[in-house]
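Top line first, the protein sequences correspond to chains C and Y. Following this note's numbering, the numbering of the first sequence begins with 123 at its first residue and continues without gaps. Following this note's numbering, the numbering of the second sequence begins with 325 at its first residue and continues without gaps. A virtual CB, placed ideally from N, CA and C, is assigned to each residue, including glycine. Contents: one structure, followed by commentary.
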Amino acid sequence: MISVQHITKRYGNHLAIEDVTFNVKRGEILGFLGPNGAGKTTTMRIITGFMPASEGTVQVAGFDCFEHPQEIKKRIGYLPESPPLYQELTVTEYLRFVGQLKRLPPSRVPGRMAQVIEQLGLGSVRHRVIGHLSKGFRQRVGLAQALIHDPPVLILDEPTIGLDPIQIIEIRDVIRGLAGSHTVILSTHILSEATAICDRVVIIDRGHIVAEDTPAQLSSRLRQSEKISLTVKHPPDNWRERLSTIPGVLQVIQGPTPETSIIEYELGQDLREDIAQFVVNQGVGLLELKPLSLSLEDVFLQLTQQDENLAHAQDASPSSHPSLPVENRTQA
Amino acid sequence: MTPVNTLIAKELRCFVVSPVFYVVGAVFLFISGFLAHLMVVNAGQQALRFLQMQNTYAQLNLNELVFRPIFHSLAIVLIFLLPMLTMRLFAEERKLRTMELLLTSPIGINEIISAKFMSVLIIYLGLLGLTGLTPFVLSFYSTFHVDPILTGYLGLALQGAFFLSCGVLASTLTENQIVAAFLSFGIIIVFGLIGGLGSMLGDTTLGAVISYLSFVEHFDRLVRGLLEAKDIVYYLSGTVLMLFIAHRVVDSHRWQ
């Protein structure tokens with residue numbers, strides 16, 4: 123449905139994205155993941171036809187972005203980073219305006235308006251002026267604007283930004299509900315969001331795609347060892363050394379609390395039974411034994427930091443990702 | 325509704341709720357009414373003086389005493405008022421990032437620019453139409469030639485359209501509405517002043533070309549009741565040129 127081929131975008135000397143290639147199948151939800159400034163917005167703007175790429179082409183529903191830009195624009199619903207709202211219009215006036223602007227047939231306008239207002243819970247504010255709405259409602263009006271002409275393709279740039287947790291769940295449900303009938307690309311820097319709603323994830327960092335797969339595949343692909351978290355009631359003094367004696371264990375490290383240890387063993391083995399047996403025999407009071415899987419967060423950090431090391435080697439420019447929640451890492 | 329009509333309707337809706345529109349409209353109508361009053365009183369005094377000196381009623385020429393000064397004064401007022409109407413057209417869209425919505429909709433940049441220009445032209449012609457009350461009322465009390473008044477209004481309409489197109493261009497150049505307003509004063513005033521430069525150069529070819537570029541002479545001819553193709557062509561080509569440059573500016577923003 124969407125085919126992005128080798129696109130590069132330069133702003134003067136600055137390279138925003140370089141040789142980005144990916145495809146999105148009909149009905150799929152693709153998560154576009156990356157730290158702030160990685161090139162997510164630039165890529166989306168190129169797909170929507172807001173700006174042209176310096177090199178490469180984009181095809182949407184078989185139409186080329188240079189030959190039939192208007193055909194592409196008719197088929198795309200786009201929610202930019204900041205919702206494009208006219209403060210002085212009411213919600214219904216605004217949605218009618220966007221519907222007509224997107225060449226929705228006049229007979230379908232009222233029906234579609236009622237539908238998106240219902241879908242996004244805008245009924246209570248439909249006659250209010252947009253300038254007086256709260257951030258959450260504005261974001262929803264922004265999403266309603268992208269949906270009004272029932273486009274087969276949706277490009278959503280950080281659709282849940284600035285919403286409270288309940289609203290985030292509601293919006294995610296709306297987006298999940300679009301899967302199948304709509305092709306969706308959504309960008310986010312919230313990793314749990316990508317895991318929750320996306321069929322496939324593209325990770326982009328500093329203008330390059332560093333990984334592309336399903337969330338589950340990504341985490342298993344990057345896992346080098348199995349990990350288990352073990353919590354006991356009364357850990358004896360040399361508890362971690364004792365645990366290391368279990369055959370097959372590679373490493374034992376301290377968990378988040380003194381009672382918890384993280385046991386690392388080789389991929390492909392299953393030591394859970396042996397560990398449980400060992401703990402019970404020691405009589406230290408087994409409280410919890412659970413496998414740790416690599417979260418998308420870990421994957422993300424691994425990938426972007428590999429990339430960072432590479433960049434350091436190349437130009438020795440210091441850079442960091444202040445937006446990433448580093449304290450959530452479970453890796454030693 | 326086509327997207328262009330939709331956009332015109334939306335622009336008009338935004339004007340109607342904007343205080344700027346009411347202030348500009350009120351000031352424009354007040355000035356035109358006040359000018360008409362001044363000129364009529366002045367003409368009356370002249371008639372009285374004439375009566376005292378010659379002891380007979382004079383056939384006063386209202387076209388020369390009332391309408392021509394009004395048209396010339398209104399043309400100056402337009403330089404200051406019309407930029408107020410055009411300043412927000414594109415500057416605000418860029419500032420509020422709604423340009424992204426327009427440029428990702430199935431509507432061309434030329435359609436966006438013509439819709440915005442048409443909306444502001446409709447507003448201006450509406451205001452100008454209201455000043456037609458002056459000749460309408462005066463026609464009951466005196467006689468005057470209608471033709472120079474019609475060409476005068478045509479001149480104001482064409483001149484206004486040209487000023488508005490300068491304002492549209494200025495508004496595409498910046499995100500700041502105040503800057504856009506001053507920039508369009510600047511552009512309009514330059515087009516006014518080069519007329520002086522042209523007459524300084526006298527009867528040379530360069531002088532004639534520069535004089536032609538200024539709206540001063542063209543407007544003057546229309547107000548005097550002369551309807552010539554070159555003046556109409558001047559205004560229309562100037563307006564189209566300004567809108568064309570505005571198109572290039574909006575298009576170039578997409579590349580940045």
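{"Query": "Among Leu278/C, Pro369/C, Thr163/C, Gln237/C, the one whose alpha carbon lies nearest that of glutamine 261/C", "Result": "Leu278/C"}
{"Query": "Length of the line joining the Cα atoms of aspartate 437/C and lysine 162/C", "Result": "For aspartate 437/C, the predicted model reports a pLDDT of 49, less than 50, meaning its position is unreliable; a value from the coordinates is still stated below. Those two C-alpha atoms are separated by around 23 Å."}
{"Query": "Cβ-Cβ distance between leucine 493/Y and alanine 415/Y below 8 Å", "Result": "no"}
{"Query": "Cβ-based neighbour list, lysine 147/C, same chain, cut-off 8 Å, excluding 5 preceding and 5 following", "Result": "Met123, Thr305"}
{"Query": "CB of leucine 152/C within 8 Å of CB of isoleucine 307/C, strictly", "Result": "yes"}
{"Query": "Status (buried if at least 16 other CB within 10 Å, exposed otherwise) for lysine 412/C", "Result": "exposed"}
{"Query": "Residue-chain proximity (phenylalanine 154/C, chain Y), Cβ-Cβ < 8 Å", "Result": "no"}
{"Query": "Three CB pairs or more closer than 8 Å across the region 274 to 289 of chain C and the region 225 to 238 of chain C", "Result": "no"}
{"Query": "Opening and closing residue of the alpha helix (DSSP H) in which aspartate 295/C lies", "Result": "287 to 300"}
{"Query": "Distance, alanine 318/C Cα to leucine 413/Y Cα", "Result": "41 Å"}
{"Query": "Whole-angstrom distance between phenylalanine 422/C and histidine 443/C, CA atom to CA atom", "Result": "Its pLDDT being 40, under 50, histidine 443/C is placed unreliably in this model, and the value from its coordinates should be taken loosely. When rounded, the distance between both Cα atoms is 11 Å."}
{"Query": "Residues that tyrosine 387/C bridges to, as DSSP identifies them", "Result": "Glu348/C, Val371/C"}
{"Query": "Beta carbon proximity, methionine 325/Y to chain C, threshold 8 Å", "Result": "yes"}
{"Query": "Short Cβ contact (8 Å threshold) for proline 358/C with glutamate 381/C", "Result": "no"}
{"Query": "Within chain Y, the residues that glutamine 391/C reaches when beta carbons sit closer than 8 Å", "Result": "None at all; the shortest Cβ gap to chain Y is about 53 Å."}
{"Query": "Given 8 Å, three or more beta-carbon pairs between the region 164 to 174 of chain C and the region 134 to 144 of chain C", "Result": "yes"}
{"Query": "Reduced DSSP secondary structure (H/G/I, E/B, other) of lysine 355/C", "Result": "coil"}
{"Query": "Glutamate 210/C versus aspartate 286/C - alpha carbon distance", "Result": "25 Å"}
{"Query": "Residues bridged to isoleucine 168/C (per DSSP)", "Result": "None; isoleucine 168/C has no bridge partner."}
{"Query": "Cβ of valine 390/Y within 8 Å of any chain C Cβ", "Result": "no"}
{"Query": "Residue-chain proximity (arginine 362/C, chain Y), Cβ-Cβ < 8 Å", "Result": "no"}
{"Query": "Three or more C-beta pairs below 8 Å linking the region 515 to 532 of chain Y and the region 459 to 467 of chain Y", "Result": "no"}
{"Query": "Classification of aspartate 575/Y by the beta-carbon crowding that lies within 10 angstroms, buried from 16 upward", "Result": "exposed"}
{"Query": "Selection of the region 204 to 236 of chain C by Cβ proximity to chain Y, strictly under 8 Å", "Result": "Ser204, Pro206, Leu207, Tyr208, Gln209, Glu210, Leu211, Glu215, Phe219, Val220, Gln222, Leu223, Lys224, Arg225, Pro228"}
{"Query": "CB contact below 8 Å: threonine 330/Y versus chain C", "Result": "yes"}
{"Query": "Spatially closest choice to glutamine 289/C from Pro206/C, Val142/C, Val263/C, by CA coordinates", "Result": "Val263/C"}
{"Query": "Through-space distance from proline 343/Y to leucine 425/Y, alpha-carbon basis", "Result": "25 Å"}
{"Query": "Closest residue to arginine 250/C among Thr282/C, Glu280/C, Thr214/C, Glu315/C (Cα-Cα distance)", "Result": "Thr214/C"}
{"Query": "For threonine 326/Y, the nearest candidate out of Arg328/C, Pro337/C, Asp295/C, Leu226/C (CA to CA)", "Result": "Leu226/C"}
{"Query": "Where asparagine 387/Y falls, given that 16 or more other Cβ within 10 Å makes a residue buried", "Result": "buried"}
{"Query": "Interface residues of chain Y facing tyrosine 133/C [CB-CB closer than 8 Å]", "Result": "Gln580"}
{"Query": "Residue(s) in a DSSP beta bridge with glycine 199/C", "Result": "Leu276/C"}
{"Query": "Span separating the alpha-carbon of threonine 282/C from that of isoleucine 312/C", "Result": "9 Å"}
{"Query": "Sequence-distant residues of the same chain with beta carbon closer than 6 Å to glutamine 90/C, five excluded per side", "Result": "Since the displayed chain C opens at 123 and closes at 454, residue 90/C lies outside it and no answer follows."}
{"Query": "Extent of the continuous alpha helix (DSSP H) run through proline 472/Y", "Result": "471 to 496"}
{"Query": "Close-in-space but distant-in-sequence residues of the same chain around glutamine 222/C (CB under 8 Å, 5 per side omitted)", "Result": "Pro228, Val231"}
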